[in-house]
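Asks: Please read through the structure below; I'll follow up with questions.
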Amino acid sequence: MKKQTVIITGASGNLGQQLQKHSPYELVLVDRNNWNELSKTPFNSVRAIIHSAYDLKKDLNTDPAEVLDSNIVSTGRSLKLCKDAGIEQFVFISSCSVYGDSSNTSEEKAKTPITMNGFTKAYNEELVMSFCKANNINYLILRPFNSYGGNDTFSVVQKLIFCAQNNQVFNLANGGIAERDFIHVEDVAKMTYMLMEKNLSNAIVNVGSGESVRILDLVKAIEAKFGMIKVNKINKPDEAIYSRANLKKLRELIDYEPMSIFDFIQKL
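Numbered by full-length UniProt numbering, the letters in the sequence shown go through residues 1 to 268 in order.
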């Protein structure tokens with residue numbers, strides 16, 4: 001029997017690459033350069049759209065039109081495609097940033113973003129829920145926590161490794177006391193497909209490790225592997241101190257043990 005097809009937006013991004021690598025489906029890959037190619041897709045075989053396109057690198061205060069096109073208009077474009085092509089499921093890759101600095105990361109709590117990324121992801125979630133409910137499309141919103149690994153050029157993990165290997169200075173905020181939930185991007189991709197197979201009805205699910213790691217302990221682990229890191233201690237009063245994924249819902253849905261950040265470092 002022919003495999004079902006899934007459309008992935010943001011296919012050239014770090015998560016997009018991992019979604020390609022671990023996909024059980026035939027794929028149609030979309031990035032900003034080939035949206036027009038979608039017209040050639042036989043939509044009667046498309047199971048879902050996974051909308052992972054997002055731009056964290058460009059500054060909204062420098063080029064707002066381009067950032068908004070990448071991070072909001074692309075969602076609208078993907079939703080309209082879902083409706084017009086009669087695709088039954090829309091998977092949106094959101095972010096733990098919608099929780100702001102709250103230590104309560106239950107999916108049922110109100111969103112309390114404090115960063116522009118958080119506000120943008122929160123708006124996208126509302127757009128997805130409203131549009132999908134109005135047009136009888138099943139949505140699955142995933143909230144990955146701090147991803148790393150793969151073709152990573154952005155995470156604090158990669159920045160620390162780069163500084164250690166290249167004798168560069170790392171800006172350590174607030175003595176490294178902040179705690180974060182780190183999840184390997186490969187695990188995010190695998191869990192995305194596992195959750196899609198559950199055929200959930202209009203669900204929001206956290207995706208993380210369920211463990212909190214102090215940034216200072218992360219620094220020490222990377223130093224033990226690669227050597228001393230030059231540290232510039234800075235004060236960052238608006239930095240959230242604690243973030244850990246509430247995985248009650250995830251663990252009820254799937255049985256999966258993600259990679260430990262410390263095991264990842266040891267295997268480098």
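All C-beta atoms in this analysis are idealised placements derived from N, C-alpha and C, irrespective of residue type, glycine included.
Taking S74 as part of the alpha helix (DSSP H), name the residues at either end of that continuous run.
Replies: Element bounds for S74: S74 to D84.
Asks: So is I87 in contact with chain C if we call contact Cβ pairs under 8 angstroms?
Replies: Looking at the structure shown, chain C is missing, and only one protein chain is on hand.
Asks: Hey, S78 and T9 are a contact pair by Cβ (cut 8 angstroms); roughly how many whole angstroms apart?
Replies: About 6 angstroms separates the two Cβ atoms, so the contact holds.
Asks: What is the DSSP secondary structure of S130, counted as helix, strand or coil?
Replies: Three-state DSSP puts S130 in a helix.
Asks: For I93, which residues does DSSP report across the bridge?
Replies: Note: I93 sits in a beta bridge opposite L142.
Asks: Checking 8 angstroms against the spacing of the C-beta atoms, do L81 and I50 come in under that value?
Replies: Going by C-beta atoms, L81 is not nearer than 8 angstroms to I50.
Asks: Let me make sure I understand the geometry here. Which of A224, I141 and V157 has the alpha-carbon closest to that of Q89?
Replies: The candidate whose alpha carbon is nearest that of Q89 is I141.
Asks: Kindly identify the DSSP beta-bridge partner or partners of Y256.
Replies: BP columns for Y256 are empty, so no partner.
Asks: Leaving aside the five residues before and after V98 along the sequence, list all residues of the same chain whose C-beta is less than 6 angstroms from its C-beta, in chain order.
Replies: Correct list, in chain order: K111, P113, G118, K121 and A122.
Asks: For A240, collect the residues of the same chain with a Cβ closer than 6 angstroms to its Cβ; drop the 5 residues on either side in sequence, then sort them by chain order.
Replies: D101.
Asks: Does A11 pass the burial test, meaning 16 or more other C-beta atoms within 10 Å, or should it be called exposed?
Replies: Buried, by the Cβ-count rule.
Asks: Under a three-way DSSP split, which group does R251 fall into?
Replies: Note: R251 maps to helix in three-state DSSP.
Asks: Answer yes or no: do V128 and L218 have a C-beta to C-beta separation smaller than 8 angstroms?
Replies: No, these two residues do not count as a Cβ contact at 8 angstroms.
Asks: For my contact list, N206 and L247 are in at a C-beta cut-off of 8 angstroms; report their separation, rounded to the angstrom.
Replies: Yes, N206 and L247 are in contact; Cβ-Cβ is about 6 angstroms, under 8 angstroms.
Asks: From which residue to which residue does the alpha helix (DSSP H) around K220 run?
Replies: That run of the alpha helix (DSSP H) goes I215 to F226.
Asks: Select from S70, F154 and S45 the residue whose C-alpha is nearest the C-alpha of K3.
Replies: Minimum Cα distance to K3 is reached at S45.
Asks: Does the beta-carbon distance from A221 to F162 come in below 8 angstroms?
Replies: Not closer than 8 angstroms, so no.
Asks: State the CB to CB distance for the pair V169 and K230, rounded to an integer number of angstroms; the pair is presumed to be in contact (CB under 8 angstroms).
Replies: Rounded, the Cβ-Cβ distance is 5 angstroms, consistent with contact.
Asks: Based on the DSSP secondary-structure assignment, which residues constitute the bridge partners of T120?
Replies: Note: T120 sits in no beta bridge, so no partner.
Asks: Of the residues A65, G176 and L56, which one's Cα is nearest the Cα of S147?
Replies: Ranking A65, G176 and L56 by Cα distance to S147 puts L56 first.
Asks: Where does the unbroken alpha helix (DSSP H) through A65 begin, and where does it stop?
Replies: Where A65 is concerned, the enclosing alpha helix (DSSP H) stretches over P64 to L68.
Asks: Check the C-beta distance from Q17 over to G150 and give it rounded, since I have them as a contact under 8 angstroms.
Replies: With a Cβ gap of about 6 angstroms, Q17 and G150 count as contacting.
Asks: According to DSSP, is K230 helix, strand or coil?
Replies: In the structure shown, K230 sits in a strand (DSSP, three-state: E or B).
Asks: By Cβ distance below 8 angstroms, which residues in the same chain neighbour Q20 in space, the five residues on each side in sequence not counted?
Replies: Answer for Q20: I8, A11, L27 and L29, listed in chain order.
Asks: List in chain order: all unbroken alpha helix (DSSP H) runs of 4+ residues lying wholly within the segment 164 to 212.
Replies: Correct list: 185 to 196.
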